[in-house]
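Chains as they are written, first to last, in this note's numbering: chain U, 433 to 633; chain L, 401 to 638. Virtual Cβ for every residue (Gly too), placed ideally from N, Cα, C. Here the structure is a predicted model, which is why all the values come from computation and not from measurement. Reading through the structure tokens given below for one structure.
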Amino acid sequence: MSFISRGFRGRRRDPDADPSRVPPGQYVTEGFPVLSAGPTPHTPLDEWTFSIVNGDERKSWTWEEFRALPSETATVDVHCVTRWSKLDTIWEGVSVDTLLEEVEYDAPYVLAFCDGGYTTNLPIEDVTDGKAWVAFAYDGEPLDPEHGGPARLLVPHLYFWKSAKWVRGLELRDENEPGFWETYGYHIYGDPWREQRYSGD
Amino acid sequence: MNWEVATVDDVVDETARVRTIVLDVPEWPGHRAGQHLDVRLTAEDGYRAEREYSIASAPGEPVAITVERLEDGEVSPYLTQELRAGDGLELRGPIGGHFVWGPENGGPVLLVAGGSGVVPLRAMLRHRLRSGTDLPVRLLYSSRTLDDVIYREELDQASDGVAVVYTLTREQPPGWTGHARRVDPELLEEVAWPPEDDARAFVCGPTSFVETVADGLVELGYPPVRVKTERFGATGVK
């Protein structure tokens, strides 16, 4: 018999949301909350680069070069570990597949690195085959710095901390080294549908 | 991380909209000042709602959370109006390891709070007091009105080495001589430790507040790695 909270009925605040699109423990928000661990970086675009690092090799794009790459529009649901989900968010970005085409690799993991020192780790199969983007626009507008602009990783099938803000590159890695939040007890993989919020979930 | 059922030991009204809930948690592994926990409510038909709340008490004290009632909220009205001593409350934690402070992290310390963002910072202040360290702390605390100041009595009795500076943004009582505006770069410069003191800064509040303060501290010369932030969004995520 599981615990019942005396007197709690709940507001069920998402009557219009399709329950099959809302992972366990999440609620749908219309807003776009901001969560980050430190000050918002403001890297000027003429100093910004995006890099794929593979051992000693490094393939880099300037902002202009990056923006000249073919981009895609992605309409996706995003799920934050702090329990809000936002449905049908519209992004524009460069597919990670497009970026990885430029390098030869067989590494099983990537570590995303960012302005401000933030990192997050992902299996390579979770950022390839059309599952991840480096997004530079949200809802038709350049991505706001608070939300990770000029560019953030977008990996919508995992909890949103994996969609690293202010991303500056991906490092191909042989080991699944925990990133920033992962070393602080958050789940190494972070599947919202299996409610993998914290280490051991 | 496992859920467990804690028992509400006491409830304390801090302001008209804010209540502290003191909990007896049988299997609590201990926490650090600044961490948070998850709360899960379950209705009789199995419907569940989960939220996270900052821990308001110091390590070694009974676990307490301080909750601000959001009028359009689902969980905070229950916690602040329905829940009473003797009730069970399902939770798990502690969570988070970035926005934490203890004497081993050094000082001086700058705490900047907007509204209920003071909660994890209060845990740090209590931890400082209990640990006996003399590391100096400054707290800059922005509230709408004097009646909205959480922990006012406790903060007014701040111990040696702790300076508390209030700013009241919406309404000030007659004769108020303190600050009366939103935190801006000038106010930060006046209150914050100068950057050469290598202070550890912790900023907690609504997003726009945290953005202003964190940007302002970096402008003053604080290295970004010395500025740790905790934000809650427009929908009352925390």
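- Annotated three-state conformation of lysine 597 (chain U) is coil, per DSSP.
- Of all residues in the region 447 to 478 of chain U, only Pro456, Gly457, Gln458, Tyr459, Thr461, Glu462, Gly463, Phe464, Pro465, Val466, Leu467, Ser468, Ala469, Gly470, Pro471, Thr472, Pro473, His474 place a beta-carbon less than 9 Å from a beta-carbon of chain L.
- Here the region 479 to 494 of chain U lies against the region 588 to 605 of chain U, with 3 or more beta-carbon pairs under 8 Å apart.
- Taking the Cα positions, alanine 443 (chain L) is about 12 Å away from valine 475 (chain L).
- Per the coordinates, the alpha-carbon of alanine 500 (chain U) lies some 53 Å from the alpha-carbon of aspartate 445 (chain L).
- Counting the other CB atoms within 10 Å of its CB gives tryptophan 576 (chain L) a total below 16, which places it among the exposed residues.
- Taking a contact as a CB-CB distance under 8 Å, the pair glycine 434 (chain L) and valine 500 (chain L) counts as one, their CB atoms being some 4 Å apart.
- Against glutamate 578 (chain U), the close residues of chain L are Thr607, Glu611, in the order they occur along the chain (beta-carbon pairs closer than 8 Å).
- Residue state for histidine 527 (chain L) is assigned as helix, using DSSP reduced to three classes.
- With the rule of 3 Cβ pairs closer than 8 Å, the region 552 to 570 of chain L does not count as touching the region 476 to 484 of chain L.
- For serine 434 (chain U), the C-beta contacts it makes with chain L under 7 Å involve Thr442, in order along the chain.
- In the three-state reduction of the DSSP assignment, aspartate 509 (chain U) falls in the strand class, which pools E and B.
- For arginine 492 (chain L), the secondary structure class from DSSP, reduced to helix, strand or coil, is strand.
- Distance check between glycine 617 (chain U) and each of L:Gly496, L:Gly515, L:Gly578 places L:Gly496 closest, using alpha-carbon atoms only.
- Taking the C-beta atoms as reference points, leucine 521 (chain L) is found nearer than 9 Å to cysteine 604 (chain L).
- For histidine 498 (chain L), the chain U residues whose C-beta falls within less than 7 Å of its own C-beta are Ala469, Tyr616, listed in chain order.
- Neighbours of valine 625 (chain L) in chain U, taken as residues at a C-beta separation under 8 Å, are given in chain order as Gly470, Gly549.
- If you draw a straight line from the Cα of glycine 622 (chain U) to the Cα of tryptophan 523 (chain U), it is about 21 Å long.
- Relative to the Cα of glutamate 630 (chain L), the nearest Cα in the group U:Gly562, U:Thr472, U:Arg584, U:Thr521 belongs to U:Thr472.
- The three-state secondary structure of arginine 581 (chain L), taken from DSSP, is coil.
- The three-state secondary structure of serine 543 (chain L), taken from DSSP, is strand.
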